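Down below is the structure, laid out as structure tokens.
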Amino acid sequence: MKKVGIIGCGAIGTLISGAVEKGLVGCDELILYDRNIKRAEKLKNSLHVPITVVKSLEEMIKVKPTIIVEAASQQAVREYLNRILAENIELLVMSVGALLDLDVESNKIHISSGAIGGLDAVSSAALAGIDKITLTTRKNPRALDRDNKEEKLVYTGSAEEAVRLFPREMNVAATLALTTQSEKVRVNVISDPKVDRNVHEIKIEWKHGNMFLKFSNDPHPENPKTSALAAWSAIRLLKEILEKHS
Ligand code: NAD
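Here is the structure:
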């Protein structure tokens, strides 16, 4: 019996649950938790798969999930991570920014590639030596809670600071920093009314060449900060992890 616990029933939690209903993920039961219980109840009522709504992480742990997906917030990772690992439960983390300043290593923690990809090549290059990674993220002002009418560079600096200043929007910077050495990652954030998609351009200069990756992602209709690809990368990873659990 494979049970998936989901903390956070917003844009990502809803897409993951929908994938379970469509049979894309081999899961027998969902366990939903959201600090706003109405969201968990609403999601339960929209689906036709076995679902238990719980009121706390402790209750979720009692139902014995095979894996827990955190799709909530950095604060949720800080609050729940140690408790989940203490129970030896697999944990898929979406709010990856939280992991930058938590000193934790465990093979139970899984990080999806999120709103980008190509991390196999980036981590291969990191073994040989990376000189520099430049991430330029371009989003519509509404995805950055701004209202500028002209293109505007709103941030340039380190990955850690970008994650601190844009905790909801800069998971990609955190993912790159966790895949390589964070001091090699420089981040530019551009608020651009001309774009409707969330665009991430990543230039990597490494010992034996260079790479250029570009992702133009549709924002989630209910949460423009989140790209659909982030949820689908979690669905793909969840499917893979559950297939290994017989
Ligand atoms: P969302 O705002 O649509 O939904 C989050 C839900 O989690 C809300 O319903 C909220 O009530 C709940 N929640 C927040 N803190 C909680 C807590 N401590 N305990 C229980 N419930 C809590 O967000 P989303 O778009 O679904 O994104 C979820 C997380 O994933 C965010 O932190 C976001 O920054 C991150 N994210 C990661 C990537 C990536 O590339 N890794 C991409 C997009 C979003």
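In my numbering, the protein residues as written are 931 to 1176. Backbone N, C-alpha and C define an ideal beta-carbon position, used for all residues, glycine too. Computed from a prediction, not measured in an experiment: that's the story for all the values here.
Simplified DSSP assignment, three categories, for residue i
{"i": "residue 1025", "result": "coil"}
{"i": "residue 1127", "result": "coil"}
{"i": "residue 1112", "result": "helix"}
{"i": "residue 943", "result": "helix"}
{"i": "residue 1012", "result": "helix"}
{"i": "residue 1083", "result": "strand"}
{"i": "residue 991", "result": "helix"}
{"i": "residue 1151", "result": "coil"}
{"i": "residue 1106", "result": "helix"}
{"i": "residue 1065", "result": "strand"}
{"i": "residue 1074", "result": "helix"}
{"i": "residue 962", "result": "strand"}
Range of the contiguous alpha helix (DSSP H) that encloses residue i
{"i": "residue 1019", "result": "Neither: residue 1019 is in no alpha helix (DSSP H) and is coded neither H nor E."}
{"i": "residue 1053", "result": "1049 to 1058"}
{"i": "residue 1095", "result": "1089 to 1095"}
Start-to-end residues for the beta strand (DSSP E) that takes in residue i
{"i": "residue 1141", "result": "1139 to 1147"}
{"i": "residue 1118", "result": "1115 to 1121"}
{"i": "residue 1172", "result": "Not the beta strand (DSSP E): residue 1172 falls in the alpha helix (DSSP H), residues 1158 to 1174."}
{"i": "residue 999", "result": "997 to 1000"}
{"i": "residue 968", "result": "Unbroken run through residue 968 is the alpha helix (DSSP H), 967 to 976; no beta strand (DSSP E)."}
{"i": "residue 983", "result": "981 to 983"}
{"i": "residue 956", "result": "Neither: residue 956 is in no beta strand (DSSP E) and is coded neither H nor E."}
{"i": "residue 935", "result": "933 to 937"}
{"i": "residue 1039", "result": "1039 to 1041"}
Cut-off 7 Å between Cβ atoms - residues of its own chain near residue i, not counting five sequence neighbours on either side
{"i": "residue 977", "result": "947 and 951"}
{"i": "residue 944", "result": "973"}
{"i": "residue 1137", "result": "1058 and 1059"}
Nearest-angstrom beta carbon gap, residue j and residue i [assumed within contact, 8 Å]
{"i": "residue 1155", "j": "residue 1091", "result": "Not confirmed; about 18 Å, so no contact."}
{"i": "residue 991", "j": "residue 1017", "result": "5 Å"}
{"i": "residue 1026", "j": "residue 1067", "result": "In fact, because the Cβ distance is near 15 Å, the residues do not count as touching under 8 Å."}
{"i": "residue 982", "j": "residue 1000", "result": "Incorrect: roughly 18 Å between the Cβ atoms, too far for contact."}
Contacting residues, own chain, Cβ-Cβ under 6 Å from residue i (five flanking each side not counted)
{"i": "residue 1121", "result": "1071, 1074, 1076, 1078, 1082 and 1084"}
{"i": "residue 1129", "result": "1068 and 1146"}
{"i": "residue 1089", "result": "1103, 1107, 1112, 1115 and 1117"}
{"i": "residue 1125", "result": "1068 and 1070"}
{"i": "residue 891", "result": "Nothing in the structure corresponds to residue 891, since the chain is present only between 931 and 1176."}
Own chain partners of residue i with C-beta closer than 8 Å, once the 5 adjacent residues on each side are dropped
{"i": "residue 953", "result": "none"}
{"i": "residue 1141", "result": "1048, 1051, 1052, 1055, 1132, 1133 and 1134"}
{"i": "residue 1172", "result": "932, 934, 955, 956, 957, 996 and 997"}
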